[in-house]
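J.: With mature numbering (1 follows the signal peptide of the UniProt record, and there is no 0) applied, the sequence shown corresponds to residues -20 to -1, 1 to 523, in that order.
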Amino acid sequence: MLLRLLFSLFCCLITVLSIAQKIDSQVAQKLEEANNIADSEPERSFSLVSEVLQNNISEGPLIKAKAHQLQGQLLFQFALYQEAVEALYISEELFKELNCQPCLAETHNSLGEIYYKIKSPEAAMARHEQALSIYKNTNNVLGMAKTLGFIGTMYEKLEDYSKALSYQWEAMDLVKSAKDITAFAIVLENIGSIKEDLEEYDSAKYFFQKSYELHLIAGDSSNMIGNLNNLGDAYRKSGDFEKGLEYSKLAMDMSDRLGNTYQLRSATVDVAKSLQLLGEFSEAYDYLELSRQLNDQIFSEEAARQLAIREVQYELNKKITQLAEFEHRHEKEILTRWLLSLIVLALIVLAWLMLNRQKIKIRSSRDLLERQKELLEIKEKLIATEKENINLLEARMAAEVESHSQSLSAQTLHVIEKNQMLGEIQQKLKRILEEDSKEQKKRIRNLIKQIDYNFSQDTDWEDYKNSFEKVHQDFFKNLHKSSKDLTPGELKLASLMRMNLSSKEIASTLGISQESLRISRYRLRKKLNLEKGENLQQFLLCI
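Written out as structure tokens, the structure reads:
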């Protein structure tokens, strides 16, 4: 049951996501179409952008940001500067959140153009500089060239022609490397405009002509009209009025064919100026009157367009508000449904968990009892084994102690018997010395000396010491704690006394007399710092 519920929720989620993805794809296509016709059909483009922004429930943040950007650029074309700035500010914030640097740079350039139009050159320059910095960081060559062109145009309007030319030449180097014909033509036209302002008309005509030829190759009719108008101005200002009139009329005819009222008015004014300079005052007046009519027409069309755009804006804002309210209600409904679903799911999961937990608890208790029983049996076996091992160890240790004790006793008896025998031989030899000849005396003395040396350097001592330490562990170590300056002879004496041997046996083992043994005991007692009345034998037995 739980799996079926989870599967149903998963299918619903997949369906919602697929529908949202399909809607987003349609919105993206509509925005792309609006971008493509922005120059040729600005009103239609603005209508499409408005439709995109009305779909703010489904659209992604990037689509929304680009839609606001295009909306601001179109409003700028319609001379609605305040509304354009507001739209571009919204796109700027969204692009910052998305960290879309090229998009942000384009927004900076658009704001720079608006600031220049509303007579804020410093703010415009700052925006273009920000755009240039972003394009440099992202190594966007065409973006850098376009922005450098904007900055150069700004310096041209500020009559700083050296800087204006510097930026335009830099832009030209970039568009050459990018091999973009349209961008190259625009830069050439900008340079021609600066040359015209500097009254270098031959240079101006050269750059305008080159720009015109590139626009002709690219098939850009709108910019070709501007080139023809600029060529007419340059020829007229250089004194070639007839040539200037020819280019102005070409611009006028092309503007009329394309229905570009703005360019037609500009060309009509240029034609009137050329006719006036040629002395054709009546005809010049007619063209001026025509330009005035065109100006009134443009004003009327612009006013009507602005009114229409404002109405669209109003309707858009109204729909956005309504959609926001609908979205808010929709979100509440979805949230409520999800909460109810989650509560039901949580209750089911909780019940399932409790049931499983109880089963696991019972199973765990049963397993625990079985394990405890097994552990108890294992512990009992281990205890029995350990007892058996202890008994075996105690028996082995007792056997070893008995073996070492027997070995020590045998060794001690051997030493005693050997020393007794050597003592008897020594006494006999002493008696022989009193009877035999001088040479024999000498040999016997050597033999006695050898026996004396054997008494003092008994090689059996190390074997005896090792056997003794196995039976009486740490005896010598504990003895050294009472006195550290005991001699080997005193250690032997102490060990023999620890074995509870008689004085006669000890004297025989050490090869000394009873008197010497008494003196040795006294010295040992003194080194051990025993108090008067304290028994030396008892002290050694307790170590």
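Built from N, CA and C at the ideal position, the CB exists for glycine as well.
#1: Rounded to whole angstroms, what is the Cα-Cα separation between Trp332 and Ile370?
#2: Within this structure, are the beta carbons of Lys229 and Val251 separated by less than 8 Å?
#3: Hey, quick one: how far does the alpha helix (DSSP H) through Ala64 stretch, first residue to last?
#4: For the alpha helix (DSSP H) that contains Asn170, what are its first and last residues?
#5: Using a 10 Å radius around the Cβ and a threshold of 16 neighbouring Cβ atoms, would you call Leu504 buried or exposed?
#6: Per DSSP, what kind of secondary structure is Cys522 in: helix, strand or coil?
#7: Mind listing, in chain order, the continuous alpha helix (DSSP H) runs of no fewer than 4 residues lying wholly within the stretch 91 to 173?
#8: Can you name the start and end residues of the alpha helix (DSSP H) that Phe221 belongs to?
#9: Excluding the five sequence neighbours on either side, which residues of its own chain have a C-beta within less than 6 Å of the C-beta of residue 534, listed in chain order?
#10: Give the secondary structure of Gly199 by DSSP, where H, G and I count as helix, E and B as strand, and everything else as coil.
#11: To the nearest angstrom, report how far apart Ile342 and Asn336 are at their CA atoms.
#12: Going straight from the alpha carbon of Glu449 to that of Arg478, what length do you get?
#13: Between the alpha carbons of Glu511 and Arg501, how many angstroms are there, rounded?
#14: Under a Cβ-count criterion, where at least 16 other Cβ atoms within 10 Å of its own Cβ denotes burial, should Lys339 be classed as buried or exposed?
#15: Please check the pair Tyr115 and Arg107, which I expect to be a contact at CB under 8 Å, by giving their CB distance rounded to whole angstroms.
#16: Can you tell me whether Cys522 is buried or exposed? The criterion is at least 16 other CB atoms within 10 Å of its CB, across all chains shown.
#17: Given a threshold of 16 other Cβ atoms within 10 Å of its Cβ, counted over all protein chains shown, does Leu28 qualify as buried or as exposed?
#18: What is the C-beta distance between Ala111 and Val167, in whole angstroms, given that I count them as a contact (C-beta under 8 Å)?
#19: Check this for me: beta carbons of Lys75 and Leu84, under 8 Å apart or not?
#20: I believe Asn210 touches Glu169 by the beta-carbon criterion, under 8 Å. Please report the beta-carbon distance rounded to the nearest angstrom.
#21: According to the Cβ coordinates, are Tyr227 and Gly212 closer than 8 Å?
#22: Nearest CA to the CA of Ala247: which residue from Ala264, Glu260, Gly259 and Leu258?
#23: Can you grab the Cα-Cα spacing for the pair Asn16 / Lys253, in whole Å?
#24: Determine, using beta carbons only, whether Leu122 and Ala158 come nearer to each other than 8 Å.
#25: Indicate whether Ala45 and Ser20 have their beta-carbon atoms separated by less than 8 Å.
#26: Go ahead and pull the three-state DSSP assignment for Ser25.
#27: In whole angstroms, what is the alpha-carbon distance linking Thr489 and Ser475?
#28: Within a Cβ cutoff of 7 Å, which residues of the same chain sit near Ser25, ignoring the five residues on either side of it in sequence?
#29: With DSSP as the reference, label Lys484 as helix, strand or coil.
#30: Measuring alpha carbon to alpha carbon, tell me which residue in Ile431, Glu495, Lys445 and Lys507 is nearest His460.
#31: Nearest to residue 534 by alpha carbon, out of Asn119, Glu414 and Glu313?
T.: Reading it off the structure:
#1: 54 Å
#2: Their beta carbons are under 8 Å apart, which means Lys229 touches Val251 by this criterion.
#3: Annotation for Ala64: the continuous alpha helix (DSSP H) segment containing it runs Tyr61 to Leu78.
#4: Ile161 to Asp177
#5: buried
#6: coil
#7: 101 to 117, 121 to 137 and 141 to 158
#8: Run containing Phe221: Phe221 to Leu238, per the alpha helix (DSSP H) assignment.
#9: The chain is shown only over -20 to 523; residue 534 falls outside these bounds and no answer can be derived.
#10: coil
#11: 10 Å
#12: 11 Å
#13: Looking at the two C-alpha atoms, the distance is approximately 14 Å.
#14: Its Cβ having fewer than 16 others within 10 Å, Lys339 is exposed.
#15: Contact doesn't hold; Cβ gap of about 13 Å is too wide.
#16: exposed
#17: Residue environment for Leu28: buried (at least 16 other C-beta atoms within 10 angstroms of its C-beta).
#18: Actually they do not touch by this definition, with Cβ atoms about 16 Å apart.
#19: It should be pointed out that residue 75 corresponds to Phe in this sequence rather than to Lys. Going by C-beta atoms, Phe75 is nearer than 8 Å to Leu84.
#20: 7 Å
#21: yes
#22: When each option's Cα is compared against that of Ala247, the closest is Ala264.
#23: 37 Å
#24: Going by C-beta atoms, Leu122 is nearer than 8 Å to Ala158.
#25: No; because the gap between Cβ atoms is not below 8 Å, this pair is not in contact.
#26: helix
#27: Distance between the alpha carbons of Thr489 and Ser475: 12 Å.
#28: Ala14, Ile17, Ala18 and Leu54
#29: helix
#30: Lys507
#31: It is not possible to answer for residue 534, since the shown part of the chain is limited to -20 through 523.
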